[in-house]
Amino acid sequence: MSSKQYIIEVNIKGTKPKPYNILIGNNLFETLALELKNSQLAYRYAVVSDSNVSKLYFKKLQEAFDKEGLPCLLITIPAGERSKNRKNKELIEDTMLENNMARDSAIIALGGGVVGDIAGFIAATYNRGIPYIQYPTSLVACVDSSIGGKTAIDTKHGKNLIGSFYQPQKVYIDLNTLTTLKKREIREGLAEIIKYGIIYDADFFDYISDNISEIFNYDMDVLNKIIKRSCEIKGFVVQNDEKESNLRKILNFGHTVGHAVEQLSGYLISHGSAISIGMVIEAQIAAKSNILNTESVKMINEILSSAGLPTELKSNVDRSKIIETMKLDKKTRKGNIEFALPKKIGEMYKDNESYGIKIEENLIKEVIDLSK
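If you read the sequence shown in the working numbering, its first letter stands for residue 1176, the second for the next number, and so on.
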C-alpha cells in the first residue's frame, strides 16, 4: 500500500478565518499523536468512538498516544444512527465532567458520521468550546461529514435539527481503515461521492462510472483518487460558504428528500441508500421543472444502480408523509421546501443567483407519487 500522503487545505473565509488541513495517508495514528504532542493542542484527550470502531482501532491509537506521553480517555456509544441523540450527548459530557476534563482538553472523533457529528457538537459547547480532531473510519465520513464543521444530533422531529457549525482542528483520513469496511459500507460512501460528480465535476462523474468495479475490489489507487477529489470539492465549497448562505446549498442535492426517507423508515434505510433515492427523486423534480434533461436523469439512475444503490422508494416509507417531513427540515424557508437541483451533470441550477430552489408542492407530490 502506498505511503504517499496528501494535504488538502481548507481556508474558511470570514471575519474569523479558521484554516485547517485534511491529511490523507496510511497508518496515521502515530502521525496524529506526534503532531498533537508538538502542537500542545491540549493536556488531555477524550476519544469518542462507537462500540464497533473502538474494538478495531482504539488500541492502536492508545499505543501511539502512550508513546508520546499523551493521556486519553475512551468514551463509547452504541454503533448506529439511532445513537446520535440527546441521551448519548449527555452521557459523553457527563463522563468528561466526571473525569475532570477542563478547557485544556480536546476531543478525538474516532468513527463514522454519527461519532463525528455528536463529538463535534459536544466540542462546540463543552466549556463553551474546546478543540476537536476528526479521524473518520467510514467512507461517508471520510468524504463528507468529517469536513466542513456541521455538527448535530437528531431528535424525534428530524435529523440534525440541534447542532452547530464548528470546525475541527484537523482531519486525518487513514486509508487503512477502508480495508475493514464491508462492501455495503463502501456503497454507502459512494452515494456521497457520486453526488460530488453530479453537482460539481462531470469528469469526476465519468471517472467514478468507469471505475465502479475497481472501487468494490478495494483498488487503493482508485479509492485514494476518489477520496482526494471528493475532499477537494467539499473543501472548496465550505471554505467559501461556511454557514450555507448560498454555495454550500449545492451539497444538499438528494438530502431534502433523502433525510425525509431516512427518518420515515425509522432509520432502517441507511443514509447512503436514502440519499441515493433522494437524488433520483430530486433529479426527476428538476426534469419536471424543465431544469434538467431526461438523459441526465437516466445517467444518474444508471450510475447509482451500477453501484448497487437503490433508486426506488420501497413500501416501508409512507409517501403521504414525505412532504410534511421535509417541511420540518432545517433547509425549509418561510414554509417553502428548498431544493438544490442539477442543471446538468457537473453543474447546479441557480435562480436569481440562489442555489436554493423553491418548488410547488403539487409538482413534488406528483413526482413522489409517480416514483416506484
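Glycine included, each C-beta is placed from N, C-alpha and C at the ideal position.
If you're wondering where the values come from, they're calculated on a predicted model, not measured in any experiment.
Rounded separation between residue i and residue j - CA only
i, j, result
"Lys1533", "Glu1389", "38 angstroms"
"Lys1509", "Ala1482", "37 angstroms"
"Arg1494", "Asn1275", "48 angstroms"
"Ile1373", "Glu1457", "12 angstroms"
"Leu1249", "Val1412", "33 angstroms"
"Glu1522", "Ser1480", "21 angstroms"
"Phe1204", "Val1455", "38 angstroms"
"Ile1497", "Ile1539", "10 angstroms"
"Cys1406", "Val1185", "10 angstroms"
"Glu1273", "Glu1256", "26 angstroms"
"Glu1437", "Thr1469", "26 angstroms"
Bounding residues of the alpha helix (DSSP H) (the contiguous stretch that carries residue i)
i, result
"Thr1352", "No alpha helix (DSSP H) holds Thr1352; DSSP gives it neither H nor E."
"Asn1196", "It is not in any alpha helix (DSSP H) - Asn1196 instead sits in the beta strand (DSSP E) that spans 1193 to 1200."
"Cys1406", "1395 to 1415"
"Leu1484", "Premise fails: Leu1484 is in no alpha helix (DSSP H) and is neither H nor E."
"Ile1520", "First-last for Ile1520: undefined, no H or E at that position."
"Ile1267", "1261 to 1273"
"Ile1380", "For the sequence presented, residue 1380 should be read as Phe rather than Ile. Residues 1377 to 1385."
Opening and closing residue of the beta strand (DSSP E) in which residue i lies
i, result
"Gln1180", "Unbroken run through Gln1180: none, as it is neither H nor E."
"Ser1451", "Element bounds for Ser1451: not the beta strand (DSSP E) but the alpha helix (DSSP H), 1446 to 1463."
"Thr1326", "1325 to 1330"
"Ala1284", "1280 to 1286"
"Phe1340", "1333 to 1340"
"Leu1248", "1247 to 1252"
CB contact flag (residue i, residue j, <9 angstroms)
i, j, result
"Ile1252", "Ser1226", "yes"
"Ala1284", "Pro1311", "yes"
"Ser1321", "Ile1348", "yes"
"Lys1370", "Leu1314", "no"
"Tyr1232", "Met1271", "no"
"Ala1327", "Lys1418", "no"
"Leu1552", "Ala1217", "Given a span of 1176 to 1547 for the chain in the structure shown, any question on residue 1552 remains unanswerable."
"Ile1452", "Pro1485", "yes"
"Ala1377", "Ser1448", "no"
Reduced DSSP category for residue i - H, G, I as helix; E, B as strand; rest coil
i, result
"Gln1309", "strand"
"Ala1515", "coil"
"Asp1526", "strand"
"Leu1216", "coil"
"Val1492", "coil"
"Asp1225", "strand"
"Asn1186", "strand"
"Lys1357", "coil"
"Ser1546", "coil"
Rounded distance between the beta-carbons of residue j and residue i, thought under 8 angstroms
i, j, result
"Ile1368", "Ile1387", "About 11 angstroms separates the two Cβ atoms, so there is no contact after all."
"Gly1286", "Val1228", "4 angstroms"
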